[in-house]
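The numbering of the sequence shown is the numbering used here, which starts it at 72 and goes up by one. C-beta atoms are modelled at their ideal positions from N, C-alpha and C, and glycine is treated no differently. Notes to accompany the following structure.
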Amino acid sequence: MSRSYKPSHEENTSSRSIADNFTQNGIQRMAIDPFNVAQRETGLEEEELKAPAQTKSIVQKKEENNTGMSDQLKSGVEQLSGMDMSDVKVHYNSSQPAQLNALAYAQGTDIHVAPGQERHVPHEAWHVVQQKQGRVQATMQMKEGIPVNDDVSLEREADVMGAQALLSGQA
Numbered sequence: 072m073s074r075s076y077k078p079s080h081e082e083n084t085s086s087r088s089i090a091d092n093f094t095q096n097g098i099q100r101m102a103i104d105p106f107n108v109a110q111r112e113t114g115l116e117e118e119e120l121k122a123p124a125q126t127k128s129i130v131q132k133k134e135e136n137n138t139g140m141s142d143q144l145k146s147g148v149e150q151l152s153g154m155d156m157s158d159v160k161v162h163y164n165s166s167q168p169a170q171l172n173a174l175a176y177a178q179g180t181d182i183h184v185a186p187g188q189e190r191h192v193p194h195e196a197w198h199v200v201q202q203k204q205g206r207v208q209a210t211m212q213m214k215e216g217i218p219v220n221d222d223v224s225l226e227r228e229a230d231v232m233g234a235q236a237l238l239s240g241q242a
């Protein structure tokens, strides 16, 4: 689970990841298993399931997007990752990134975005995917004791896949 902070001028990434998937003992928590998806109860009785299609009038209601991500971005991330992003919450105009000398960061399913830094949401949304996949581990600690992941490959992936998610969500 990552947070991002503002990189130095020498770095080529748009943000850094801070791993928050460790307990106090340093043991990584279980990541969400994207293949263990709960099935929803439809409420259809056995007779209704056997009825011809033309006699059924099942209305599928689109689930409301309450994430704070645009429908386009949410759809793109879900298409590319195969993961449900309905549990994500974007906190716009957040003061928390400044506390970490960051423009935006992701921690678990929460994305905190400093005022005027909305362009980082796709990048941070992909960090949420990386965390859900269990691929984010601390590689160092900030002086405040916050575990940091400074894996350049995860940062580059978040840059590329965040941008791709925006394009994929348009289709």
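- Here residue 231 carries a helix assignment [DSSP, helix/strand/coil].
- Contact between residue 180 and residue 207 does not hold, since their C-beta atoms are separated by about 13 Å, which reaches or exceeds 8 Å.
- Excluding the 5 residues flanking it on each side, residue 186 has same chain C-beta neighbours closer than 7 Å at 164, in chain order.
- Going by beta carbons, residue 191 and residue 184 fall inside the 8 Å limit.
- The C-beta distance from residue 237 to residue 153 rounds to 17 Å, too long to fall under 8 Å, and the pair is not in contact.
- Counting along the chain, the unbroken beta strand (DSSP E) around residue 161 starts and ends at 160-162.
- Every unbroken stretch of the alpha helix (DSSP H) spanning 4 or more residues and falling wholly within the stretch 160-240 is given here in chain order: 167-170, 192-203, 223-239.
- Note on residue 220: 16 or more other CB atoms within 10 angstroms of its CB, so buried under the neighbour-count rule.
- Following the DSSP letters along the chain, one finds residue 149 inside the alpha helix (DSSP H) bounded by residues 142-152.
- With respect to the 8 Å criterion, residue 155 and residue 149 are classified as neighbours on the basis of their beta carbons.
- Residue burial is scored here from C-beta neighbours: residue 223 has fewer than 16 other C-beta atoms within 10 angstroms and is therefore classed as exposed.
- The C-alpha of residue 198 lies about 6 Å from the C-alpha of residue 177.
- If you draw a 10 Å sphere on the C-beta of residue 200, you find 16 or more other C-beta atoms in it, and that means buried.
- Excluding the 5 residues flanking it on each side, residue 162 has same chain C-beta neighbours closer than 8 Å at 139, 181, 182, 183, 184, in chain order.
- Buried is the label assigned to residue 232, since at least 16 other Cβ atoms lie within 10 Å of its Cβ.
- When the beta-carbon positions are compared, residue 209 and residue 188 stay at least 8 Å from each other.
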